[in-house]
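Enquirer:
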Amino acid sequence: MNIHSPRPLATTSLATPITIQRPHIIEFGAGTAPLAGRWAAAQGFTRILVVADAFNANRVGVLELQGEVAIFGDVRPEPDVPNLEAALALAGQVKPDLVIGFGGGSAMDLAKLIAVLPGSGQTLHDVVGPEKVARKGAALMQVPTTSGTGSEAGTRALVTDPATQNKLAVQSLHMLADIAIIDPVLTLTLPPAVTAATGVDAMAHCVEAFTSKKAHPLIDMYALEGVALVGRFLARAIADGSDVEARAGLSLASLYGGFCLGPVNTAAGHAVAYPLGTRHHIAHGAANALIFPHTLAFNTPAAPEKTAAILAALGLKGGAREEDVFAAAHRYCADLGCEMTLSALKVPRDDLPAMASEAHAIRRLLDNNPRDISCEEILAIYEEAY
4 MNIHSPRPLA TTSLATPITI QRPHIIEFGA GTAPLAGRWA AAQGFTRILV
54 VADAFNANRV GVLELQGEVA IFGDVRPEPD VPNLEAALAL AGQVKPDLVI
104 GFGGGSAMDL AKLIAVLPGS GQTLHDVVGP EKVARKGAAL MQVPTTSGTG
154 SEAGTRALVT DPATQNKLAV QSLHMLADIA IIDPVLTLTL PPAVTAATGV
204 DAMAHCVEAF TSKKAHPLID MYALEGVALV GRFLARAIAD GSDVEARAGL
254 SLASLYGGFC LGPVNTAAGH AVAYPLGTRH HIAHGAANAL IFPHTLAFNT
304 PAAPEKTAAI LAALGLKGGA REEDVFAAAH RYCADLGCEM TLSALKVPRD
354 DLPAMASEAH AIRRLLDNNP RDISCEEILA IYEEAY
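Rendered as structure tokens:
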């Protein structure tokens, strides 16, 4: 798909100003994980704090780190404020000069906040929103072990507030990684279901940025290529988890999705998916996979050419009608093994109206959507997905 064709798909002028934010160094490819230790040693870092989930905490050795290495190994899926506070308490003891996020998006998001909050005099609630972080207190390295969030490339961190069940979003250039090391070998352990859900999450980042009101030709090339990489490699990685080339393709798709998040960000798909995680603790990738066909179809009238380009990049045959787009996208996700009903995920039906109200209030994302979506239309999506 040539996005620079005579009939451009982008709705934003090429002359529109845009800022691209990427880690200062990106190391990509199979076998790059040990570069973590070499880079840290070359920079002279001696107090290192690794932020990881329980599984990855047991394989920190692959990073070949030297010096004093402390591990916070209790990152939870969809981390909340108490989870962050526990990590910050350990950081207060260690006083790291280097923080490493080692895991999926949850670990990398917490690592961002741990690199900036200790000793700053700021609390989490002080920095919620764009560019409120005062400074960076420690260097930051990101080493993803999944291929979905793209958090290694971005400047946002999301933490759930248990008091409100809403995600608190912090955005700051101070949280941009000094180095991201993306080794697809680290993703070989992902089971098929997680591979599928995280792969669709990476695709959703690209799709939502591509069809956003803020879409830009500079980002469109990453977005559409990210979708194409998922279309080419996701089913292959699910069928054979040891396929390193397929894993590398998904790692690159995830990185491209991360490039999309900074200057453009996501839209209705993520907003509608968020309450599944905050209220019912459904993994972020699984929530996005379930919602993806619904919001792609809903946005079709507002972005018909881009929707057609997305389907083509995935190797799908759709059409101009919402129902045809939905059928093609739903079949694609279901064939990957994604769970496609809220009832199977044990979401209480009587909570759907509250979920719709919560999703509709996420204006930082919904205001990017190419088509206005009402609270009633979000509720209709949940009902259809039930």
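Number 378 in the working numbering belongs to position 375 of the sequence shown; there are no gaps in the numbering.
For glycine and all other residues, C-beta sits at the position ideal for the given N, C-alpha and C.
None of these values were measured; they are calculated from a predicted model.
(1) Quick check on Leu348: does DSSP put it in helix, strand or coil?
(2) With H, G and I counted as helix, E and B as strand and the rest as coil, what does DSSP make of Thr198?
(3) Please work out which residues of its chain come closer than 8 Å, Cβ to Cβ, to Arg10, disregarding the five sequence neighbours upstream and downstream, and give them in chain order.
(4) I need the boundaries of the beta strand (DSSP E) containing Asn291, first residue and last residue.
(5) Identify, in the order they occur along the chain, each residue of the same chain with its Cβ nearer than 6 Å to the Cβ of Lys115, setting aside the five sequence neighbours on each side.
(6) Quick check: the Cα distance between Glu211 and Gly70, rounded to an integer number of angstroms?
(7) Where does Glu342 fall in DSSP's three states?
(8) For a test of the three-state rule: what should DSSP assign to Asp223, helix, strand or coil?
(9) Per DSSP, what are the beta-bridge partners of Leu113 in this structure?
(10) Looking at C-alpha atoms only, which residue of Thr344, Asn61, Ala141, Gly229 is the closest neighbour of Lys98?
(11) Going by alpha carbons, who is nearest to Val102 out of Gly122, Val54, Leu91?
(12) Could you give the distance in angstroms between the alpha-carbon of Gly252 and the alpha-carbon of Leu68?
(13) Could you pull the start and end residues of the alpha helix (DSSP H) that Lys309 belongs to?
(14) Tell me the DSSP secondary structure of Gln69 in three-state form.
(15) Following the continuous alpha helix (DSSP H) through Gly40, name the residue where it begins and the one where it ends.
(16) Under 8 Å by Cβ, that's how I've got Thr269 and Leu369 pegged, so tell me the actual separation to the nearest angstrom.
(17) Closest to Lys349 by CA distance: which of Tyr389, Ile365, Thr310, Ile384 is it?
(18) Return the CA-CA distance between Leu113 and Ile294, expressed in angstroms with no decimal places.
(19) Give me the residue from Thr49, His284, Asp77 with the minimum Cα distance to Ala57.
(20) Considering only the beta carbon of each residue, do Ile394 and Leu52 sit closer than 8 Å?
(21) Just to confirm, are Ala200 and Ala292 a CB contact at a threshold of 8 Å?
(22) Pick helix, strand or coil for Ser174, following the three-state DSSP scheme.
Expert: Judging by the given coordinates:
(1) Looking at Leu348 - three-state DSSP - the assignment turns out to be coil, as it is neither helix nor strand.
(2) Here Thr198 sits in helix by DSSP.
(3) Per-residue confidence for Arg10 stands at a pLDDT of 44, beneath the threshold of 50, marking its modelled position as unreliable; no derived number is given.
(4) In the DSSP annotation of this structure, Asn291 is not part of any beta strand (DSSP E); the continuous alpha helix (DSSP H) holding it starts and ends at 287-302.
(5) Cβ neighbours of Lys115 beyond the five flanking positions: Ala160, Met178.
(6) Note on geometry: alpha-carbon atoms of Glu211 and Gly70 lie some 42 Å from one another.
(7) Coil, per DSSP.
(8) Reduced to three states, the DSSP call for Asp223 is helix.
(9) In the DSSP assignment, Leu113 forms no beta bridge with any residue.
(10) Considering only alpha carbons, the answer is Ala141.
(11) The candidate whose alpha carbon is nearest that of Val102 is Val54.
(12) Gly252 and Leu68: Cα-Cα distance of roughly 27 Å.
(13) 307-316 is the span of the alpha helix (DSSP H), which, as asked, contains Lys309.
(14) In the structure shown, Gln69 sits in coil (DSSP, three-state: anything other than H, G, I, E or B).
(15) Secondary structure note for Gly40: its alpha helix (DSSP H) is the uninterrupted segment 38-46.
(16) About 10 Å; that fails the 8 Å criterion.
(17) The shortest Cα separation from Lys349 among Tyr389, Ile365, Thr310, Ile384 belongs to Tyr389.
(18) The straight-line gap separating the alpha-carbon atoms of Leu113 and Ile294 is approximately 25 Å.
(19) Measuring from the Cα of Ala57, the nearest candidate turns out to be Asp77.
(20) Because residue 394 is not part of the residues shown, which for the chain are 4 to 389, the question remains open.
(21) Yes, the pair counts as a contact, with Cβ atoms nearer than the cut-off.
(22) A small correction: the amino acid at residue 174 is Gln; Ser does not occupy that position in the sequence shown. In the structure shown, the three-state DSSP call for Gln174 is strand.
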